[in-house]
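Enquirer: Residue numbers (our numbering): -19 to 169. Note that beta-carbon positions come from the ideal geometry of N, C-alpha and C, so glycine has one too. None of these values were measured; they are calculated from a predicted model.
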Amino acid sequence: MTDIHDQDEDTSPTAPGKVLRGIRESQGMTQADVANRLRLSVQSIKDIEADDYFRFSAAIYVRGYLRNYAALLKIDNAPLLAAFNSMRFVDQINPTQGTSYIASSITKTAHSNRSKRRVARWMSGVVFLLLIGLVAAWWYGQRHHQHAIISNNLLTQAAQPAQQASQHLAIPMTVKNVVVEHKLNQKRK
-19 MTDIHDQDED
-9 TSPTAPGKVL
1 RGIRESQGMT
11 QADVANRLRL
21 SVQSIKDIEA
31 DDYFRFSAAI
41 YVRGYLRNYA
51 ALLKIDNAPL
61 LAAFNSMRFV
71 DQINPTQGTS
81 YIASSITKTA
91 HSNRSKRRVA
101 RWMSGVVFLL
111 LIGLVAAWWY
121 GQRHHQHAII
131 SNNLLTQAAQ
141 PAQQASQHLA
151 IPMTVKNVVV
161 EHKLNQKRK
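1. At what residues does the alpha helix (DSSP H) containing Q11 begin and finish?
2. Which ranges does the alpha helix (DSSP H) cover as unbroken runs of at least 4 residues, wholly within the segment -2 to 57, from first to last along the chain?
3. Any idea if N112 is buried or exposed, counting beta-carbon neighbours within 10 angstroms, 16 or more meaning buried?
4. Does the distance from the CB of F64 to the CB of L46 come in under 9 Å?
5. Run through DSSP, which three-state label would A100 get?
6. So, under 8 Å CB-CB, I3 and I55 are touching, yes? Tell me the CB distance rounded to an integer number of Å.
7. Starting from the Cα of G(-3), find the closest Cα among N16, R43, G8 and give me that residue.
8. Is A170 helix, strand or coil by DSSP?
9. To the nearest angstrom, how far is it from the Cα of N57 to the Cα of A100?
Here you go:
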């Protein structure tokens, strides 16, 4: 009977966690790198690589994590899933423990994403206000510059008629004066 049991262990597929850990290490990735890219906690990656699935709430989640981990490492996920299914870890999974563990992982990730969005929104607001300020300053400068040009033009235009008027005062001739002079000349003759 021990011979049959030993044969089963020899023919059983390698544990998926060990395979993933070996490939991850050969690719030079850390557990933190994998956790960040898969958006899982580092503890979840450690549990998967140790084939310790007690913290997960359902086997379907573990299968999904194995698929995503395999996709990240660019390997086929079928042998990993077959190995997981043959290991019968379904009995080891604790629904109540896993739910709180996964919920806390999701909450941490959601909180991190929320704070990143909040900072991005705040920075966008600051940039928007700076742009509004720059546009207002430019507009004020343009308006002030135009006002100065108009004032200078008005002063120049006001000075030109005065100069022209002084030149015309030397010869004050109008049509009425010409007619009066003509009549005076007529009477003298």
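Expert: Short version:
1. Sequence index remark: in the sequence shown, residue 11 carries index 31 (1-based). It spans 11 to 18 - the alpha helix (DSSP H) in which Q11 sits, taken as one unbroken run.
2. 11 to 18, 22 to 29, 39 to 53
3. Taking the sequence shown and counting its residues from 1, one reaches residue 112 at position 132. It should be pointed out that residue 112 corresponds to Ile in this sequence rather than to Asn. Exposed is the call here.
4. Looking up residue 64 in the sequence shown gives position 84. Looking up residue 46 in the sequence shown gives position 66. In contact: F64 and L46 (Cβ atoms closer than 9 Å).
5. For the purposes of this step, residue 100 is taken as residue 120 along the sequence shown, with counting starting at 1. Looking at A100 - three-state DSSP - the assignment turns out to be helix.
6. Reading the sequence shown from its first residue, position 23 is the one you call residue 3. Reading the sequence shown from its first residue, position 75 is the one you call residue 55. Their Cβ separation, rounded to whole angstroms, is 6 Å, which keeps I3 and I55 in contact under 8 Å.
7. For the purposes of this step, residue -3 is taken as the residue at position 17 of the sequence shown. Per the Cα distances, R43.
8. Since the first and last residues shown for the chain are -19 and 169, residue 170 lies out of range.
9. One-based indexing of the sequence shown puts residue 57 at position 77. One-based indexing of the sequence shown puts residue 100 at position 120. Taking the straight line from one Cα to the other gives about 37 Å.
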